[in-house]
Amino acid sequence: MDCTEVLNTLESVIGQSDGFVSLHEPTFAGKEWDYVKECLDTGWVSSVGSYVDRFEEMLAEYTGVKRAIAVVNGTAALHVCLILAGVEPGDEVLLPTLTFVATPNAISYCGAIPHFVDSEEATLGLDPHKLSDYLSEITEVRGHECFNSKTGRRIKSVVPMHTYGHPVDLDPLLEVCERYKLVLIEDAAESLGSYYKGKHTGQWGKLSALSFNGNKVITTGGGGAILTNDEEFGALAKHMTTTAKVPHKWEFRHDMVGYNYRLPNINAALGCAQLEQLPGFLLCKRVLAQRYQQAFADVDGLRFFTESENAMSNYWLNTLLLDEPSSEKRDELLELTNGSGIMTRPCWTLMHKLPMFADCPRMDLSVAENLEKRLINIPSSSSVGGHHV
Ligand SMILES: *Cc1c(COP(=O)(O)O)cnc(C)c1O
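Under my numbering, the sequence shown has 211 at position 219, and the numbering climbs by one with no breaks.
Quick look at the structure:
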């Protein structure tokens, strides 16, 4: 791999820019100003207002679920998904080691123990076949519960994450969930606009979490959402995230320990305007990914990562996978590109290597460790390459 050739290829796709090209920045080309101004003009900026309802309805319709509940961020969404799934202190929860720290953090908030699973190169996500083999060795199913024979703890749930927008192989994973009585929770924080076998990600799990952080496909400044097809969970999620207040004309009464996780109206206003533009963003991102794919086809020592055959990815973050010998030059490439005003980033440090999760249970993680060495994200905003909506 010739680092200068990679830089030149990136520049050929990105085109001339005066300054720094970031990894992912938001585009505000719709009705953001109008909707936010309306919040300010009417005074409805906070915990009550019509944009929250509207944003939730738009999200449910777009993703094809019965209920969407807007919350303060994606981590809070994951936290509530885990509580509703019945995760209790001392339980283990399966998740890929190749993920963002929010996933194991949310599991820890429940007093549960993250249990790390390997990934597969085809999707960059949790490997359902390797998980199946592993669970057959280490678990025992008693009644409707699965126990880790080594630790004696219950394994309650599995939280796959759709890495950079690429859906996990969900069908075999659903089979594993069925066999081992695991509740499927999708960390769909990165995959708004991504589909697996024609169905939107976040529809497959019992519960799913989205994020609208500033670097995601659409943003509300900070924000997230819980998705579910279960009306009861939907109602409970809304109740729990709004301090569990019992509706009444004047009384302040709360019937459980709730959370102040509701998304403020002013953020939801931004979300409505952003969601209206999502199809346009996705189109731009797809064109950009295709241009990268073509440009990198003839570059030795790496490949541009593309969606698997079952998937339609939102290409949230475009990804280069270096060949094994080239991985030695990863840092040199990061140095050169960032020094030249093009932001590139390596993979997250794998979760089992972080001090607070170092002692957590895990399977063989060799594929994730290999991917960690070879993976680089490149500029992916919908505005990159002049395809502005
Ligand atoms: C962004 C993200 C989240 C949630 O992040 P927030 O900043 O809390 O909205 C969760 N998991 C993954 C994989 C993410 O990328």
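We treat Cβ as the ideally placed atom computed from N, Cα and C, and that holds for glycine.
Judged by beta-carbon spacing, A94 lies within the 8 Å limit of T67, meaning their Cβ atoms are closer than that value. As DSSP reads the structure, F20 sits in no beta bridge. The beta carbon of E364 sits no closer than 7 Å to any heavy atom of ligand 1. In this structure S39 is exposed. Its beta-carbon is surrounded by fewer than 16 other beta-carbon atoms within 10 angstroms. Residue range 137 to 140 is occupied by the beta strand (DSSP E) that includes C138, with no alpha helix (DSSP H) assigned at that position. Taking C-beta atoms as the reference points, A69 and A217 count as a pair closer than 8 Å. A Cβ-Cβ separation of about 6 Å places I61 in contact with E48 under the 8 Å criterion. Among the bridge pairs identified by DSSP, D179 is matched with M153, A201. Taking 7 Å as the cut-off, one finds at least one heavy atom of ligand 1 near enough to the beta carbon of L70. When the Cα atoms are used, L328 and P18 turn out to be separated by approximately 25 Å.
With a minimum length of 4 residues, the unbroken runs of alpha helix (DSSP H) contained wholly in the region 189 to 249 fall at 223 to 233. Within the DSSP bridge table, the entry for I370 names N310 as partners. Taken in chain order, the complete beta strand (DSSP E) segments of 3 or more residues contained in the region 272 to 311 are 294 to 296. The DSSP-derived three-state label of H158 is coil. In the structure shown, the three-state DSSP call for K345 is helix. Under the three-state reduction of DSSP, Y187 is assigned to strand.
Rounded to the nearest whole angstrom, the C-alpha separation of L312 and G194 is 25 Å.
In the three-state reduction of the DSSP assignment, K148 falls in the strand class.
The beta carbon of V175 sits closer than 6 Å to the beta carbons of A77, S149, K198 from its chain, once the five residues preceding and following it are set aside; these are given in chain order. With distances taken between CA atoms, P256 lies nearest to R46 out of A114, R46, L123, A303.
With a 10 Å radius around the Cβ and a threshold of 16 neighbouring Cβ atoms, T34 comes out exposed.
Contact between W340 and F108 fails: their C-beta atoms lie close to 13 Å from each other, not under 8 Å.
In the DSSP assignment, R254 is bridged to V63. Below 8 Å, enough C-beta pairs join the region 178 to 194 and the region 155 to 167 to call them touching: three or more. Your pair N306 and L274 checks out as a contact, with CB atoms roughly 6 Å apart and the cut at 8 Å. Across the structure, Q8 and N221 are spaced so that their CA atoms are roughly 46 Å apart. A straight line joining the alpha-carbon of A229 with that of L32 spans about 28 Å. In the assembly as shown, N330 is an exposed residue. Its beta-carbon has fewer than 16 other beta-carbons within 10 Å.
Taking M348 as the centre and dropping the five residues before and after it, the same chain places no C-beta closer than 6 Å to its C-beta. Check the Cα spacing between P371 and each of L363, E364, T336: the tightest is with T336. Boundaries of the beta strand (DSSP E) around E132: 131 to 134.
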